[in-house]
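In the numbering used here, the protein residues as written are 60 to 521.
For glycine and all other residues, C-beta sits at the position ideal for the given N, C-alpha and C.
A quick write-up on the structure given underneath.
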């Protein structure tokens, strides 16, 4: 097995010279954020895929045609024959000059050649993992990748909408938005997921230990990338999505550096156990539920800003009032970190004559496996008003966003808007009924209902 994680820049060359200049700056900035012993690789694509060999006397690129419907036999066999992984991936510190030379050598191809992003990401995922799509479905990510790479992070720079092959974006979806009468209905269609290719590829990548970050840089705001579909690739695989409508508003170099410099937990396993009174009914976030083991989830990568949500439902009549039988939940989170090794191994040396500190190379990183277990016994609310007082507004809003986002991309904006409206109406209505219960039971009317939760600090931010 390869101890260090692999980072791969996948560059679309069907864009303009100006777009590629931004991409080059971004990849060079990203190299500065990586650990010295991290593995890095460079790939270009349009209607062909180019793999850069960094370990020869000078960088060179091996070009392979991308068929419109790349078969798994093709992508698993040909790429490894053209350039074995051990020649494709190289340590950042030892080959930084070669990487810089290779990045600067990238030139744009004709846009007429097309952008075959689907076959390219399919090929690269198989190349890095050694797995076919059917393999990940069967083993649920339990088995080690045949390639020996436990974790890979692919930073994709997409400069034009995918125009051929798997995952092609239909540009006709955006037509009609200028028509005022059909603006609402068409807008709902635009945010609805119509390409399940990216959903399947995201799941395949996740179970293969691959995160896919998407940096989409449009030539102008007229380019239509169908973000509702493409986002599934990054969302399912624990990656990030950055969209820049034009070069002028592009901050890709800063965003990539920040993303790679941030500590990440990788190859995570998340398990939730509860007492018998309640159980999980649904999960939200960048995690994949295991098909064989109950309440076990796979998370390919996450950071301090990652958020996961869970819905629970009663398994029986409800919670007991007995304090000794309070409902209990246990969270077990196992993960790996690629972090600096022993600080004692990295010390600054003193310069001769000047008495100044001589800058030392970055400290080499090591992979560490950790396990965190958290058990919490939860006190049962004595009344509904007591429950309102202990509401965590941030958790409620986060879960609501997860649910609305899911509905929006499955059923459209109108359905998501109706969901939020109905939820707010029910919340405000039930809150005022409970607060004014005595008044209502006496037959009086509530003249000034509290619609902004003045008396409830937990609900007021909502």
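Residue 271 counts as buried, since no fewer than 16 other beta carbons sit within 10 angstroms of its beta carbon. The residue from 320, 471, 347, 490 with its alpha-carbon nearest to that of residue 93 is 320. Residue state for residue 207 is assigned as coil, using DSSP reduced to three classes. In this structure residue 226 touches residue 256 by the C-beta definition: roughly 4 Å separates them, less than 8 Å. For residue 114, there is no enclosing beta strand (DSSP E), since its DSSP letter is neither H nor E. Separation of the CB atoms of residue 265 and residue 357 is rounded to 7 Å, and the pair is thereby assigned contact status at 8 Å. In summary, residue 221 is buried, with 16 or more beta-carbon neighbours lying within 10 Å of its beta-carbon over all protein chains present.
The three-state reading of DSSP puts residue 212 in strand, counting E and B together. No residue range can be given for residue 367, since it is assigned to no alpha helix (DSSP H) and is classified by DSSP as neither H nor E. Residue 268 places its beta carbon less than 9 Å from that of residue 204.
Collapsing the DSSP output to three states places residue 170 in a helix. In the three-state scheme derived from DSSP, where H, G and I count as helix and E and B as strand, residue 436 is classed as strand. DSSP places residue 100 in the uninterrupted beta strand (DSSP E) bounded by 98 to 104.
Rounded to the nearest angstrom, the Cβ distance from residue 475 to residue 463 is 5 Å, consistent with a contact under 8 Å. Considering only 489, 82, 69, 62, the residue with the shortest C-alpha distance to residue 277 is 82.
Between residue 315 and the set 90, 63, 73, the nearest pair of CA atoms involves 90. Sorting 361, 110, 511, 157 by C-alpha distance to the C-alpha of residue 118 places 157 at the top. Residue 378 carries a coil assignment under DSSP once its states are collapsed to helix, strand and coil. In the structure shown, residue 309 adopts coil according to DSSP, grouped into three states. Under the DSSP assignment, residue 156 falls in the alpha helix (DSSP H) whose first and last residues are 151 to 163. Going by beta carbons, residue 88 and residue 350 fall outside the 9 Å limit. Taking the C-beta atoms as reference points, residue 168 is found nearer than 9 Å to residue 73. Distance from the CA atom of residue 388 to the CA atom of residue 176, rounded to whole angstroms, is 43 Å. Leaving aside the five residues that flank residue 400 on each side, the residues in its chain whose CB is nearer than 8 Å to its CB run, in chain order, 422, 423, 424, 425.
Assignment of beta-bridge partners to residue 339 by DSSP yields 371.
Annotation: the continuous beta strand (DSSP E) that includes residue 389 extends over 387 to 399. By the Cβ-count criterion, residue 106 is buried, with 16 or more other Cβ atoms from all chains shown falling within 10 Å of its own Cβ. In the three-state reduction of the DSSP assignment, residue 231 falls in the helix class.
Counting C-beta atoms within 10 angstroms of its own C-beta, residue 122 has fewer than 16 neighbours from the protein chains shown and is therefore classed as exposed. Beyond the five residues adjoining it in sequence on each side, residue 211 comes within less than 6 Å, by CB distance, of 65, 187, 269 in the same chain, given in chain order. 78 is the residue among 491, 479, 78, 488 whose C-alpha sits nearest the C-alpha of residue 310.
Beta bridge pairing from DSSP links residue 300 with 273. Assigned with DSSP and collapsed to three states, residue 491 falls in helix.
Residue 218 carries a coil assignment under DSSP once its states are collapsed to helix, strand and coil. Secondary-structure assignment with DSSP links residue 124 through a beta bridge to 107. In the DSSP assignment, residue 505 falls outside any alpha helix (DSSP H) and carries neither an H nor an E.
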